[in-house]
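Enquirer: Below is a structure I'd like to ask you about.
Number of protein chains: 2
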Amino acid sequence: MKCCVIRYAVFMSTTQRTDADVIDDWRERQRTYLATAANLDRALEQNFDLGLSEFEILDLVWESNTPECTMRDIVDLTPMTQSALSRVVDRLARAGLLTREECTTDRRSMFVALTSEGASVHTKARKVYREVLASELSPTA
Amino acid sequence: MKCCVIRYAVFMSTTQRTDADVIDDWRERQRTYLATAANLDRALEQNFDLGLSEFEILDLVWESNTPECTMRDIVDLTPMTQSALSRVVDRLARAGLLTREECTTDRRSMFVALTSEGASVHTKARKVYREVLASELSPTA
DNA sequence: TTGCATTACATGACACAGCATGTATCTTTG
DNA sequence: CAAAGATACATGCTGTGTCATGTAATGCAA
Numbered sequence: 001m002k003c004c005v006i007r008y009a010v011f012m013s014t015t016q017r018t019d020a021d022v023i024d025d026w027r028e029r030q031r032t033y034l035a036t037a038a039n040l041d042r043a044l045e046q047n048f049d050l051g052l053s054e055f056e057i058l059d060l061v062w063e064s065n066t067p068e069c070t071m072r073d074i075v076d077l078t079p080m081t082q083s084a085l086s087r088v089v090d091r092l093a094r095a096g097l098l099t100r101e102e103c104t105t106d107r108r109s110m111f112v113a114l115t116s117e118g119a120s121v122h123t124k125a126r127k128v129y130r131e132v133l134a135s136e137l138s139p140t141a
Numbered sequence: 001m002k003c004c005v006i007r008y009a010v011f012m013s014t015t016q017r018t019d020a021d022v023i024d025d026w027r028e029r030q031r032t033y034l035a036t037a038a039n040l041d042r043a044l045e046q047n048f049d050l051g052l053s054e055f056e057i058l059d060l061v062w063e064s065n066t067p068e069c070t071m072r073d074i075v076d077l078t079p080m081t082q083s084a085l086s087r088v089v090d091r092l093a094r095a096g097l098l099t100r101e102e103c104t105t106d107r108r109s110m111f112v113a114l115t116s117e118g119a120s121v122h123t124k125a126r127k128v129y130r131e132v133l134a135s136e137l138s139p140t141a
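So the sequences go chain by chain: A and B. 1 is the number of the first residue of the first sequence in the numbering used here; add one for each residue after it. 1 is the number of the first residue of the second sequence in the numbering used here; add one for each residue after it.
So, in structure tokens, the structure goes:
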């Protein structure tokens, strides 16, 4: 494992950072976050008709790697709101990419699972997602 | 100027970073960005009835430090869309925090300026903004 | 000067997120 | 067991963002 590259920047120690430093830091983060998110969204939208948050949910369901993945499980893994998740899953289900079915042991819960089409789309989309991220977040960028 | 603190983490060199590294990096950025944005928004909303993007515009107008700051000038400084800016300025104007007046030399343009109340609110809000950022983005957090 | 492209800003239509709340189902407590 | 509270999810309402377009003013070419 080759040695290390220090990413971003090296900052002055905490007590020495001025307000301007903190604000510049924040603005820079904001700029890069929003730009990257927009690029991801565009790439996914154009190629797979998926929004970024839609893909993210698809990805989390895929990662769960179980047919017994509930909404609750997912919502714990994403910064998304429970209600936002509910609607995203709704869209994905309507698009035929995943299924919602009642959990038998707890009938309040819903199991969420990829359909075969969902899995197929996810595989291709994840490739694009990785590529965009690699080019956006690479230290040389 | 005291010596340095390396923020975030030290990553493996580029060519060695796996997809999982890149994705984890992204998710971490996303998480912290969204959390910080939410905290800023909440603090500004509760104390000054200002959304984050509203404050950001107020701040940019203040920073321009000229009575001849146009919408165009501002839009070049923010990741916001021109149409989003238009609406934000609209809200701020309705709230009495800034004024829009026609530019005499180019009547397509609008000069945007803080009202005295806008300046006063900005001063207080910027303090809170800085405080939240300092606690959110400090290396110890 | 006239005609066309460009620029600055506003706005209508729509998509999506959040909050508050509703409904159904557990769970706990007395 | 009954009643009260907690939990899982859905949904109405609203605010804010984007895209596409509209309107007015300006610049530029012939």
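In this text, a Cβ means the ideal position worked out from N, Cα and C, and glycines have one as well.
Should the segment 43-51 of chain A be called in touch with the segment 105-117 of chain A, which here means at least 3 C-beta pairs below 8 angstroms?
Expert: no
Enquirer: Between residue 106/B and chain A, is there a C-beta pair that is closer than 8 angstroms?
Expert: no
Enquirer: Taking a contact to mean a Cβ-Cβ separation below 8 angstroms, would you say residue 114/A touches residue 97/A in this structure?
Expert: yes
Enquirer: Quick check: the Cα distance between residue 59/B and residue 126/A, rounded to an integer number of angstroms?
Expert: CA-CA distance, residue 59/B to residue 126/A, rounds to 38 angstroms.
Enquirer: Assuming residue 137/B and residue 36/B form a contact by the criterion Cβ under 8 angstroms, report the distance between their Cβ atoms to the nearest whole angstrom.
Expert: 7 angstroms
Enquirer: Looking only at C-alpha atoms, which of 26/B, 135/B and 32/B sits nearest to residue 40/A?
Expert: 26/B
Enquirer: Starting from the beta carbon of residue 130/A, find every residue of chain B whose beta carbon is closer than 8 angstroms, and list them in chain order.
Expert: Among the residues of chain B, those whose CB is under 8 angstroms from the CB of residue 130/A are 19, 22 and 23, following chain order.
Enquirer: Name the two residues that bound the continuous beta strand (DSSP E) containing residue 100/B.
Expert: 98-102
Enquirer: Would you kindly work out how many angstroms separate the C-alpha atoms of residue 32/B and residue 38/B, rounded to a whole number?
Expert: 10 angstroms
Enquirer: What's the call for residue 53/A, buried or exposed, on a 16-neighbour Cβ count within 10 Å?
Expert: buried
Enquirer: Does the beta carbon of residue 29/B come closer than 8 angstroms to any beta carbon on chain A?
Expert: When Cβ-Cβ separations below 8 angstroms define contact, residue 29/B makes contact with chain A.
Enquirer: Assign residue 56/B to one of two classes, buried (16 or more other C-beta atoms within 10 Å of its C-beta) or exposed (fewer than that).
Expert: Of the residues assessed, residue 56/B falls on the buried side of the cut-off, its CB having 16 or more other CB atoms within 10 angstroms.
Enquirer: To which residues of the same chain is residue 82/A closer than 6 angstroms at the C-beta, ignoring the five residues directly before and after it?
Expert: 75
Enquirer: So what's residue 95/A in DSSP terms, helix, strand or just coil?
Expert: coil
Enquirer: Show which residues of chain B have a CB atom less than 7 angstroms away from the CB atom of residue 134/A.
Expert: Those within 7 angstroms of residue 134/A in chain B are 22.
Enquirer: Note down, in chain order, all residues in the segment 56-68 of chain A with a beta-carbon under 7 angstroms from any beta-carbon belonging to chain B.
Expert: Cβ proximity to chain B below 7 angstroms picks out nothing from the segment 56-68 of chain A.
Enquirer: So which residues on chain B does residue 137/A lean against when the C-beta distance must stay under 7 angstroms?
Expert: 22, 25 and 26
Enquirer: Thinking just about the alpha-carbon of each residue, which of 104/A, 132/A, 131/A and 92/A is nearest to the one in residue 121/A?
Expert: 92/A
Enquirer: Excluding the five sequence neighbours on either side, which residues of its own chain have a C-beta within less than 8 angstroms of the C-beta of residue 101/B, listed in chain order?
Expert: 110, 111 and 113
Enquirer: Is the CB of residue 50/B under 8 angstroms away from at least one CB in chain A?
Expert: Any Cβ of chain A closer than 8 angstroms to the Cβ of residue 50/B would place that residue at the interface, and such an atom is absent.
Enquirer: By the 10 Å Cβ neighbour count, where 16 or more other Cβ atoms means buried, how is residue 105/A classified, buried or exposed?
Expert: exposed
Enquirer: In whole angstroms, give me the CA-to-CA distance for residue 124/B and residue 22/A.
Expert: 17 angstroms
Enquirer: Round the Cβ separation of residue 19/A and residue 130/B to the nearest angstrom and send it over; I've been treating them as touching at under 8 angstroms.
Expert: Confirmed, Cβ separation roughly 5 angstroms.
Enquirer: Am I right that residue 79/B and residue 34/A are in contact with their C-beta atoms under 8 angstroms? What's the rounded C-beta distance?
Expert: Going by Cβ atoms, the distance from residue 79/B to residue 34/A rounds to 5 angstroms, so yes, they are a contact pair.
Enquirer: Taking DSSP as the reference, what is the three-state secondary structure of residue 114/B?
Expert: In the three-state reduction of the DSSP assignment, residue 114/B falls in the strand class.
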